[in-house]
Amino acid sequence: MKLREKILEEIRTRGPLAFSRYMDLCLHEPELGYYSRHAGQFGKAGDFYTASDVHAVFGRLLARQFEEMWRALGSPAPIEILELGPGRGLFAQDVLAWSRKKFPAFFAALHYSLLEQSPALQERLRQTLAEHFASGKASFSGLARRSAPLIIFANEFFDAFPVDVLSAEGKLYVGEQGGNFVESWAPAAAAELEYLDRYGIHPEGKQRVEVALPAQRMMEEVAAAISTGFVLAIDYGYTRAEQLAGRYLDTLVTYRRHSAGSNPYEAPGEQDITAHVNFTALAAAAEDAGLHLQKLLTQSQFLMGIGEANQFADAFEECRLPQEQAKVALQLKHLVTPSGMGESFQVLMGSKGVPTETVEGLSGLSFAKSRLQAG
Ligand SMILES: C[S@@+](CC[C@H](N)C(=O)[O-])C[C@H]1O[C@@H](n2cnc3c(N)ncnc32)[C@H](O)[C@@H]1O
303 MKLREKILEE IRTRGPLAFS RYMDLCLHEP ELGYYSRHAG QFGKAGDFYT
353 ASDVHAVFGR LLARQFEEMW RALGSPAPIE ILELGPGRGL FAQDVLAWSR
403 KKFPAFFAAL HYSLLEQSPA LQERLRQTLA EHFASGKASF SGLARRSAPL
453 IIFANEFFDA FPVDVLSAEG KLYVGEQGGN FVESWAPAAA AELEYLDRYG
503 IHPEGKQRVE VALPAQRMME EVAAAISTGF VLAIDYGYTR AEQLAGRYLD
553 TLVTYRRHSA GSNPYEAPGE QDITAHVNFT ALAAAAEDAG LHLQKLLTQS
603 QFLMGIGEAN QFADAFEECR LPQEQAKVAL QLKHLVTPSG MGESFQVLMG
653 SKGVPTETVE GLSGLSFAKS RLQAG
């Protein structure tokens, strides 16, 4: 059965679905959802690309930051990195390869865990990281609370969580008429209105605003899994202050073959549906669950902080010819500069059980801090 039929059938039996339920089915329904169906979404040949598709330097700089975090924790063995939503495993591959090459003591202590819900992507991860699965260095894992030190990493993970949509008319539901999806509105729940009070704005007129409660619940679980360690969540997103200034009200977007669209009802399961991350809401969930947070950074500030000390040597390691250097310089520029991913992506860093001064010494925070002092 096609996903479209399945969703229509659910609407006929249960009545109109909250948009978050519709989005969840589109993305994650076993075998039929966008992420569950196959592993061909990513990269040039797919629908969208992420930082690790641009260049291995993204994973290499993060390996450098993880190694510093490990030392900040007192160089414990073992140290676990848990990556959330690793997709095809490119990032994990880059982190593991670079750690083995540049930070052997860290690599020896490291265990790399993966939390990926899509069976098709799990299969792909088994292939990409075959060597590390075979040696026991990498494995799949859940979010149970650890007593040992843990670093949790998530790139473009929270943007794949279902959102609800609210307008002045209430909360968005997806119904059916003559075999087509139709939108309708019904009163929102108290928790959703409270979310807007605290982390967003109340929409007026035809405005639409997203409510991301599932992402908040996931962040609570993430924070609860750590007794000592760090969280790093990187994503495109916004803050409440930006919404108050009238931006980022309707961020729901679809991706198919690298074109962005705005109709989530077209081809369910065959296109990505994603919403920008509300970092004010995500940060509040993290803090309520006991994480100590750093000020939100741009990806640009974060990567500059890690890479500037050695002038991004991690990017240029294999370059022999000037043409190769020029190509890598462009890829690096795309990751770091505002015109690329540098300003649209933000970095949320949290820690638990680590002294504040130690956390504040991390290189990822240094660039933003030096600017603050200079300014
Ligand atoms: C946009 S992709 C990003 C993949 C990868 N992090 C990257 O940067 O290329 C989102 C990933 O999160 C996974 N995912 C979404 N919700 C999840 C959940 N609740 N538990 C585990 N994985 C999830 C998806 O299957 C997909 O692999």
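One point on numbering: in my numbering, the residue at position 80 of the sequence shown is 382, and numbering is uninterrupted. Ideal placement from N, C-alpha and C gives every residue a C-beta, glycine not left out.
Query                                                                                                                                                                          : Result
Would you check if the distance between the CB atom of P451 and the CB atom of P388 is smaller than 9 Å?                                                                       : no
Pick out whichever of A517, V555, F344, K635 has its Cα sitting closest to the Cα of E610.                                                                                     : K635
Using the three-state DSSP reduction, which class does D552 fall into: helix, strand or coil?                                                                                  : coil
Alpha carbon to alpha carbon, what distance is there between V356 and Q343?                                                                                                    : 15 Å
Looking only at C-alpha atoms, which of T556, Y540, G548, G655 sits nearest to H594?                                                                                           : G655
Verify whether the separation of the beta carbon atoms of L664 and A374 is less than 9 Å.                                                                                      : yes
Figure out for me which residue from S441, R426, N457 has the closest Cα to the Cα of V579.                                                                                    : N457
Pull up the distance between the alpha-carbon of Y538 and that of R428, whole angstroms please.                                                                                : 28 Å
Would you say P388 touches ligand 1, meaning its beta carbon is less than 8 Å from a heavy atom?                                                                               : yes
Pick out the complete beta strand (DSSP E) segments inside the region 364-403, 3 residues or longer, and give them in chain order.                                             : 381-386
Under the assumption that F442 contacts Q424 (Cβ atoms under 8 Å), give the Cβ distance between them as a whole number of angstroms.                                           : 7 Å
Less than 8 Å separating the Cβ of M520 from some heavy atom of ligand 1?                                                                                                      : yes
Mind checking whether I608 and G666 have CB atoms under 9 Å apart?                                                                                                             : yes
Are there 16 or more other CB atoms within 10 angstroms of the CB of E619, so buried, or fewer, so exposed?                                                                    : exposed
Using DSSP bridges, identify the partner residues of M303.                                                                                                                     : DSSP lists no partner for M303.
Determine the DSSP secondary structure at L667, reduced to helix, strand or coil.                                                                                              : helix
Quick check: L329 and K308, are their CB atoms within less than 9 Å of each other?                                                                                             : no
Between A436, A411, K403, V476, which lies nearest to E312 when the distance is taken from Cα to Cα?                                                                           : V476
Check for me: the alpha helix (DSSP H) holding L584 runs from which residue to which?                                                                                          : 581-590
Does the beta-carbon of A543, which I'm using as the reference point, lie nearer than 8 Å to any heavy atom of ligand 1?                                                       : no
Hey, quick one: how far does the alpha helix (DSSP H) through Q573 stretch, first residue to last?                                                                             : No alpha helix (DSSP H) holds Q573; DSSP gives it neither H nor E.
So Y567 and F483 are supposed to be a Cβ contact under 8 Å. How far apart are they, rounded?                                                                                   : 4 Å
When every heavy atom of ligand 1 is checked, does at least one fall within less than 8 Å of the C-beta of Y550?                                                               : no
Label M303 either buried or exposed according to how many other C-beta atoms from any shown protein chain fall within 10 Å of its C-beta, with 16 as the threshold for buried. : exposed
In the DSSP assignment, the alpha helix (DSSP H) including D326 goes from what residue to what residue?                                                                        : 321-330
Once the 5 residues before and after A547 are set aside, which same chain residues still bring their CB inside 7 Å of it?                                                      : none
State yes or no: is the C-beta of E418 nearer than 8 Å to some heavy atom of ligand 1?                                                                                         : yes
Quick one: residues in its chain with C-beta nearer than 6 Å to the C-beta of P516, no 5 flanking neighbours on either side, listed in chain order?                            : F463, P464
Does ligand 1 have a heavy atom nearer than 8 Å to the CB of S415?                                                                                                             : no
Output the distance between the C-alpha atoms of E496 and A591, rounded to the nearest integer angstrom.                                                                       : 18 Å
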